[in-house]
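Trainee: Just so we're aligned, residue 34 is where the sequence shown starts under the numbering used here, counting upward by one.
I'd like to ask some things about the structure below.
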Amino acid sequence: MDYRSAEHFILSKLRDELSDRLVYHGLHHTLDVLQMATELCDREGVGQHDKVLVKTAALFHDAGFIKNKHAGHEVEGCALVREALPKFGYKPADIDCICGMIMATKIPQSPNTLLEEILCDADLDYLGRNDFFDIGETLFEELKAYHLIGDEQAWNRLQVSFLNAHHYYTRTNKTLREPVKRRYLEDLQDLVATYA
Numbered sequence: 034m035d036y037r038s039a040e041h042f043i044l045s046k047l048r049d050e051l052s053d054r055l056v057y058h059g060l061h062h063t064l065d066v067l068q069m070a071t072e073l074c075d076r077e078g079v080g081q082h083d084k085v086l087v088k089t090a091a092l093f094h095d096a097g098f099i100k101n102k103h104a105g106h107e108v109e110g111c112a113l114v115r116e117a118l119p120k121f122g123y124k125p126a127d128i129d130c131i132c133g134m135i136m137a138t139k140i141p142q143s144p145n146t147l148l149e150e151i152l153c154d155a156d157l158d159y160l161g162r163n164d165f166f167d168i169g170e171t172l173f174e175e176l177k178a179y180h181l182i183g184d185e186q187a188w189n190r191l192q193v194s195f196l197n198a199h200h201y202y203t204r205t206n207k208t209l210r211e212p213v214k215r216r217y218l219e220d221l222q223d224l225v226a227t228y229a
């Protein structure tokens, strides 16, 4: 398994082919998810082989956005994984595991294994971080650019609904991120309550 070459391949592809309108789902998001997934692997005691699989899944998890689609980007990402990763020595069982992780990130998230839980938590790690509102603003701008959301009130209502439905899966994020996320939810609920 040649992780470094696979990493170089997908980062170059994302850098060259992602739309500039993806101000949330851009290369920076992939790198953030990669960093958080790596940290979660370490905190959750994941072995080296599985850690490489999680890192690979993090790199490819939003690659389907290259096709410029929000709906179904996970399926597109898995198609790219199945096409590209055999060239880097990834075995079929490892590719299946990577695709399982990517598909688990589809909203609503549905992880069945620790590795899937790690990628899901890494993907939405920001919900419980101090950059929540800044990152959320980029998602709002992206959804507006694709005509998937209307005004700020609709966005804040969506955030309340999303945060209410979301929960973290790993012990690490349940401890470190969930309490912060709950505070943001309360703040947004207070704001939405002021809407007529």
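The C-beta atom is built at its ideal place from N, Cα and C for all residues, glycine as well.
All figures in this text were calculated on a predicted structure; none of them were measured in a lab.
With a threshold of 7 Å on Cβ separation, who are the neighbours of Arg37 within its own chain once the five nearest residues in sequence on each side are excluded?
Mentor: Mapped onto the sequence shown, residue 37 falls at position 4. Answer for Arg37: no residue qualifies.
Trainee: Taking Cys74 and Ile151 to be in contact with their CB atoms under 8 Å, please state how far apart those CB atoms are, rounded to whole angstroms.
Mentor: By one-based count along the sequence shown, residue 74 stands at place 41. By one-based count along the sequence shown, residue 151 stands at place 118. With a Cβ gap of about 6 Å, Cys74 and Ile151 count as contacting.
Trainee: Just curious, the alpha helix (DSSP H) that Ser45 is in, first and last residue?
Mentor: If you number the sequence shown from 1, residue 45 lands on position 12. Start and end: Tyr36 to Glu50.
Trainee: Could you give the residue range of the alpha helix (DSSP H) that holds Phe173?
Mentor: Sequence index remark: in the sequence shown, residue 173 carries index 140 (1-based). Residues Phe165 to Ala178.
Trainee: Which of the three DSSP states is assigned to Ile140 in this structure?
Mentor: Here the question's residue 140 lines up with position 107 in the sequence shown. Coil at Ile140, not helix or strand.
Trainee: According to DSSP, is Lys124 part of a helix, a strand, or is it coil?
Mentor: Stepping through the sequence shown from its first residue, residue 124 is reached at position 91. It is coil, neither helix nor strand.
Trainee: Could you check the C-alpha separation between Leu113 and Phe121 for me, to the nearest Å?
Mentor: Residue 113 sits at position 80 when you count from the first residue of the sequence shown. Residue 121 sits at position 88 when you count from the first residue of the sequence shown. A straight line joining the alpha-carbon of Leu113 with that of Phe121 spans about 13 Å.
Trainee: Using three-state DSSP, classify Leu209 as helix, strand or coil.
Mentor: In the sequence shown, counting from the first residue as 1, residue 209 sits at position 176. Helix.
Trainee: Can you grab the Cα-Cα spacing for the pair Leu42 / Tyr228, in whole Å?
Mentor: What you label residue 42 is simply residue 9 of the sequence shown in a count that begins at 1. What you label residue 228 is simply residue 195 of the sequence shown in a count that begins at 1. First, the amino acid is wrong: residue 42 is Phe here, not Leu. So the alpha carbons of these two residues sit roughly 47 Å apart.
Trainee: My understanding is that His94 touches Asp156, with C-beta atoms under 8 Å, so please give their C-beta distance in whole angstroms.
Mentor: By 1-based counting over the sequence shown, the position of residue 94 is 61. By 1-based counting over the sequence shown, the position of residue 156 is 123. 6 Å between Cβ atoms; contact.
Trainee: Could you check whether Leu47 and Ala96 sit closer than 9 Å to each other, using their CB atoms as the reference points?
Mentor: As a first step, residue 96 is located in the sequence shown; it is residue number 63 there, counting from the start. As a first step, residue 47 is located in the sequence shown; it is residue number 14 there, counting from the start. Yes, the Cβ-Cβ distance between Ala96 and Leu47 is below 9 Å.
Trainee: Between Asp158, Lys84 and Arg204, which has its C-alpha nearest Asp148's C-alpha?
Mentor: As a first step, residue 148 is located in the sequence shown; it is residue number 115 there, counting from the start. According to the sequence as given, residue 148 is Leu; it is not Asp. Of Asp158, Lys84 and Arg204, the residue nearest in Cα terms is Lys84.
Trainee: In the structure shown, what three-state DSSP assignment does Tyr217 receive?
Mentor: Locating residue 217 in the sequence shown gives position 184, counting from the first residue. In this structure, Tyr217 counts as helix in the three-state DSSP scheme.
Trainee: In angstroms, rounded to a whole number, what distance separates the CA positions of Ser194 and Glu185?
Mentor: Indexing the sequence shown from 1 puts residue 194 at position 161. Indexing the sequence shown from 1 puts residue 185 at position 152. Those two C-alpha atoms are separated by around 14 Å.
Trainee: Are Glu211 and Gly161 close, meaning C-beta to C-beta below 9 Å?
Mentor: Within the sequence shown, numbered from 1, the residue matching residue 211 stands at position 178. Within the sequence shown, numbered from 1, the residue matching residue 161 stands at position 128. The beta carbons of Glu211 and Gly161 sit closer together than 9 Å.
Trainee: Who are the near neighbours of Val233 in its chain, counting only those whose CB is closer than 8 Å to its CB and skipping five residues on each side?
Mentor: Summary: the structure shown does not reach residue 233, with the chain confined to residues 34 through 229, and so no result is reported for it.
Trainee: Is Leu181 buried or exposed, if buried means 16 or more other CB atoms sit within 10 Å of its CB?
Mentor: Translated into positions along the sequence shown, residue 181 becomes position 148. By the neighbour-count criterion, in which 16 or more other beta carbons inside 10 Å mark a residue as buried, Leu181 falls on the exposed side.
Trainee: Looking only at its own chain, which residues have a Cβ that is under 6 Å from the Cβ of Gln222, when we skip the five neighbours before and after it?
Mentor: Here residue 222 corresponds to residue number 189 of the sequence shown, with the count starting at 1. The residues are Val193.
Trainee: Please state whether DSSP places Ile191 in a helix, a strand or coil.
Mentor: Residue mapping note: residue 191 aligns to position 158 of the sequence shown, counting from 1. It is worth fixing the name first, because residue 191 is Leu in this sequence and not Ile. Helix.
Trainee: Applying the 10 Å Cβ sphere with the 16-neighbour rule, what's the burial state of Pro125?
Mentor: Start at 1 with the first residue of the sequence shown, and residue 125 comes out as number 92. Counting Cβ neighbours within 10 Å, Pro125 comes out exposed, since fewer than 16 surround it.
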